[in-house]
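A.B. asks: The sequence shown stops at residue 322 when you use my numbering, and every number in between is there.
C-beta atoms are modelled at their ideal positions from N, C-alpha and C, and glycine is treated no differently.
Note that this is a predicted model, so its numbers are computed, not measured.
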Amino acid sequence: MNNSVFYKLLKRDLILSIHIMKLRLIIVFIVYSALVGGAAFLLKQSAQYRELPSNAITVFDVLYELLKGISFKEVEMGRFQLPVTWLILQLSYCFILGTYVRADFIQQTPYLLARKVSRYQVLFSKFISTGILTICITLLFYIAVFFWGGIFCSYQFNWGIYTENINPKIYNHLKETIFVIKSFTLQLITSSLLVWVYLIVSTKFKSVISYIVITVIITMTIFIPVICNPFDSMLIRKNLFYVNNEHFLYSISYFLLCAFFLWISGYWVGKTFEFVNRKDDSDDIH
């Protein structure tokens, strides 16, 4: 691989994608802010019901509430509330990417191939650029949590009395900084895999079908209790992930394994993709 050509291609993908997606990034940040406000309000209502002090909730409590999800036991019993905040967060990644990846891949790749840029370079650049964009989206979510969470609740960078009462296991065994690092890592790796699946599917099918596939995957993640699901980032299902470093390494290793198989699948798709007489059904690239 010619490194200079690849770096220029990657730079081009990042600049173009951010320019096209900036409006969606703003929209999603507003949505994230609304989710934080809703979670903070519900936590305050719960704290009042439990007769806890007004400063019982901190940004870490809000973050955990947003990423908590529902447990396998709740699903089996059939008594649970749909994890709306977690669901919106997962869908937001593909919403921001939109049909840009598909449109760009179909419209621009023939010109790149004519300039002696290999399919391998094009696909690898798409994988790296979407991975970097996933990091940016995740950072955007955490910025919204810490900014609005601090305004609505408390800027204290420690677990609140609320978590001490509701989830003493995390309160007693997990330091706040470690929680942020590991929760960020978990959200990043699961959403990256989800985005890469979307990238692969969107090169073969129309955007609507790609969205349906992603929605089905996320829905199955909620309702089918599979412990080794690589798309499952619900914290309430990952207690060992946060308490035991050994399980954290297992999660990272499992992500790398899944990413490897996705890369093989993506390489096969890119290698067999036909651009001749291929029309795109989206104008998001314009």
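1) Per DSSP, what kind of secondary structure is F116 in: helix, strand or coil?
2) Would you decide whether H55 is buried or exposed? Buried here means 16 or more other CB atoms lie within 10 Å of its CB.
3) Can the beta-carbon of S227 be found less than 7 angstroms from the beta-carbon of Y100?
4) Using a threshold of 6 angstroms, is the CB atom of K80 nearer than that to any non-hydrogen atom of the ligand COA?
5) May I ask which residues mark the beginning and end of the alpha helix (DSSP H) holding S227?
6) Enumerate in chain order the residues of its own chain whose CB-to-CB distance from S269 is below 6 angstroms, with the five nearest sequence positions on each side excluded.
7) Pick helix, strand or coil for T174, following the three-state DSSP scheme.
8) Nearest to I168 by CA position, among L148, A150, L133, is which residue?
9) In terms of residues, what are the limits of the alpha helix (DSSP H) holding P204?
10) Under 7 angstroms, do P261 and C294 count as touching if we go by C-beta distance?
11) Which stretch, first to last residue, makes up the alpha helix (DSSP H) that contains Q192?
12) In terms of residues, what are the limits of the alpha helix (DSSP H) holding M256?
13) For the 8 angstroms Cβ check, are there 3 or more pairs between the segment 79-98 and the segment 152-168?
14) Would you grab the beta carbon distance between I106 and F96 for me? Rounded to a whole angstrom, and I think it's under 8 angstroms.
15) Counting C-beta neighbours from all protein chains within 10 Å, is the total for G302 16 or more, i.e. buried, or is it exposed?
16) If you measure between the beta carbons of L88 and I197, is that distance less than 7 angstroms?
17) Identify, in the order they occur along the chain, each residue of the same chain with its Cβ nearer than 7 angstroms to the Cβ of W122, setting aside the five sequence neighbours on each side.
18) Ordered along the chain, which non-local residues of its own chain (more than five positions away) have a Cβ less than 7 angstroms from that of F193?
19) Taking buried to mean at least 16 other C-beta atoms within 10 Å of its own C-beta, is W232 buried or exposed?
20) Classify E339 as helix, strand or coil using the three-state DSSP reduction.
21) Roughly how many whole angstroms lie between the Cα atoms of L46 and S161?
22) A139 to V158, Cα distance in whole Å?
23) For a quick check, are the C-beta atoms of W195 and Y178 less than 7 angstroms apart?
24) Please name the residue, chosen from T257, F42, L292, that lies closest to V153 on a Cα-to-Cα basis.
25) Between which two residues does the alpha helix (DSSP H) carrying F141 extend?
26) Three-state secondary structure (DSSP) at L292?
27) For K13, is the classification buried or exposed, using 16 other Cβ atoms within 10 angstroms of its Cβ as the cut-off for buried?
28) Let me check understanding here. Comparing Cα to Cα, which of F291, V67, R273 lies closest to F259?
29) Quick one: Cα of Y247 to Cα of S69, how far?
C.D. replies: So, from the data block:
1) coil
2) exposed
3) no
4) Questions concerning the ligand COA fall outside what the structure shown contains, since it holds no ligand whatsoever.
5) 212-238
6) L222, Q223, T226
7) helix
8) L133
9) 204-209
10) no
11) Note, Q192: premise wrong, no alpha helix (DSSP H); not H, not E.
12) 243-259
13) no
14) Not really, about 20 angstroms apart at Cβ, beyond 8 angstroms.
15) buried
16) yes
17) L103, G105, M270
18) E212
19) buried
20) This structure leaves residue 339 out entirely; the chain is present only between 37 and 322.
21) 5 angstroms
22) 14 angstroms
23) no
24) F42
25) 136-150
26) helix
27) With the chain covering only 37 through 322, there is no way to say anything about residue 13.
28) R273
29) 24 angstroms
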